[in-house]
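Below is one structure, written out as structure tokens, with a few remarks after it.
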Amino acid sequence: MMVWLTGCNGMLAQAFTRQFQESKIKYVGTDTEVDLTSKNAVENFSRSHRFTHIVNAAAYTRVDDAETNHELATAVNATAVRYLCEEADHHKATLIHISTDYVFSGVASTPYREDFEPSPRSVYGRTKLAGEEWLKPLMNKSAAVRAYLLRTSWMFGPGGPNFVRTILKALQTQTDVRVVHDQRGRPTYSDDLASAVVTLSGLSGLTPPASPGCYHFANTGEVTWHEFTVAIAEAARELGLPLKAHHISPITSEDIRRPAPRPAYSVLDTNKVARTLGRPPRDFRLALREYLTILASEMGR
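With the working numbering applied, the sequence shown has no gaps in its numbers, which climb one by one up to 301 at the end.
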């Protein structure tokens with residue numbers, strides 16, 4: 001078994017790295033040294049190794065910048081996925097690809113299941129959906145290649161910029177922190193997602209691989225960004241982290257007018273992955289406390 005892990009410098013890929021090392025899974029990680037948007041580069045690298053699995057954690061995730069950098073976002077989020085799918089098919093390797101809640105419109109009022117029709121409103125969401133389309137033939141149960149599409153949302157964790165780290169800094173330096181209250185979703189801890197993927201795909205060797213296809217994964221508990229911020233402040237105080245903020249003020253999305261539209265409601269239904277794993281994802285508050293403990297240690301607390 002040999003895994004090719006793309007985007008290895010990113011937050012999620014670092015979570016995969018920790019899982020691979022813990023489970024003693026052999027892997028090769030690449031980042032910008034292999035240009036995934038180049039068919040020749042992908043072919044040359046892939047065919048110089050004998051990969052049994054490809055985990056694609058690479059993505060263009062600058063949501064607002066994608067509105068004006070459509071070509072680059074498309075190249076990374078769609079074209080690169082095409083080339084990885086072609087290589088997975090060539091080697092009969094298992095492909096695991098990570099996507100996003102942004103493929104949905106955000107106008108629903110009940111959690112999005114895997115079979116809900118995507119309707120992205122942003123360039124980022126449209127390019128991620130375009131990438132998903134390349135996996136469909138490989139997710140066919142009759143195909144010789146296994147492919148797993150994992151959609152997730154509101155990710156945080158060690159090894160990269162994320163909402164929790166940003167908000168904690170704001171809580172420690174500002175007296176009044178203003179956060180939108182009209183967007184609702186489910187936070188996801190990167191290590192929990194990586195662990196679920198390793199189990200689903202059979203990489204752990206402890207269980208057989210699950211049926212290929214699309215799965216949604218996010219930690220249990222839906223909140224607005226404002227409610228998430230309150231939870232961060234409460235957990236930080238419990239851990240003894242000094243906070244300057246006296247108020248966490250709710251604002252609307254209109255108050256900040258960002259270039260890319262955000263889904264107002266992007267809660268993912270995770271019943272399918274819970275049935276497959278035999279357990280629901282853990283509550284995001286438990287994962288949040290774990291991550292804040294890591295941040296506290298970095299601060300010398």
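No residue lacks a Cβ here, since even glycine has one placed at the ideal position from N, Cα and C.
I need the straight-line Cα distance from residue i to residue j, nearest angstrom please.
i	j	result
His-216	Ser-109	17 Å
Tyr-83	Glu-43	8 Å
Ile-251	Val-180	5 Å
Asn-140	Thr-229	40 Å
Ile-294	Leu-288	10 Å
Ser-122	Asp-101	11 Å
Leu-203	His-247	45 Å
Val-28	Ser-249	45 Å
Pro-209	Gly-131	23 Å
Gly-221	Thr-37	36 Å
Arg-178	Pro-161	19 Å
Ala-41	Leu-135	20 Å
Ser-99	Leu-129	8 Å
Leu-206	Phe-20	13 Å
Ile-232	Ala-264	21 Å
Using only alpha-carbon positions, find the residue among the options that is nearest to residue i.
i	options	result
Leu-95	Tyr-148, Ser-211, Ser-48, Thr-68	Tyr-148
Val-223	Asp-191, Gln-172, Arg-285	Arg-285
Leu-268	Ala-296, Ala-231, Ala-218	Ala-218
Leu-241	Pro-259, Ala-170, Ser-201	Ala-170
Trp-154	Trp-225, Lys-136, Phe-116	Trp-225
Glu-298	Tyr-112, Pro-158, Ile-54, Thr-175	Pro-158
Thr-52	Pro-208, Asp-283, Ala-235, Val-145	Val-145
Glu-67	Asp-35, Tyr-124, Ala-15	Tyr-124
Ala-235	Asp-191, Leu-292, Asn-77, Asp-192	Leu-292
Ser-280	Phe-20, Phe-45, Ala-93, Ala-196	Residue identity differs from the one stated: residue 280 is Pro in this sequence, not Ser. Of the listed residues, the one whose Cα sits closest to Pro-280 is Ala-196.
Phe-116	Leu-168, Phe-20, Arg-151, His-91	Arg-151
Glu-86	Phe-104, Asn-69, Ser-46, Glu-114	Ser-46
Thr-127	Pro-118, Lys-272, Ala-88, Asn-77	Asn-77
Looking at the unbroken alpha helix (DSSP H) that takes in residue i, where does it start and where does it end?
i	result
Asn-56	Here Asn-56 belongs to no alpha helix (DSSP H); instead the beta strand (DSSP E) covers 53-56.
His-91	80-91
Thr-17	11-23
Thr-303	This structure gives no information on residue 303, because the portion of the chain shown stretches from 1 to 301.
Leu-168	163-173
Ser-253	253-256
Asn-73	The residue asked about is misnamed: residue 73 is Ala in this sequence, not Asn. That run of the alpha helix (DSSP H) goes 70-74.
Quick check on residue i: buried or exposed, where buried means 16 or more other Cβ atoms within 10 Å of its Cβ?
i	result
Val-107	exposed
Asp-255	exposed
Thr-166	exposed
Thr-199	buried
Asp-191	buried
Asn-56	buried
Is DSSP giving residue i helix, strand or coil here?
i	result
His-97	strand
Arg-279	coil
Arg-50	coil
Val-273	helix
His-226	helix
Met-155	strand
Leu-138	helix
Tyr-265	strand
Thr-220	strand
What are the boundary residues of the beta strand (DSSP E) that includes residue i?
i	result
Asp-176	176-180
Arg-151	147-152
Trp-134	Neither: Trp-134 is in no beta strand (DSSP E) and is coded neither H nor E.
Asn-30	According to the sequence provided, residue 30 is Thr. The question's Asn does not apply to it. Its beta strand (DSSP E) spans residues 27-30.
Tyr-291	First-last for Tyr-291: 284-298, but that is the alpha helix (DSSP H), not the beta strand (DSSP E).
Leu-5	3-6
His-216	213-216
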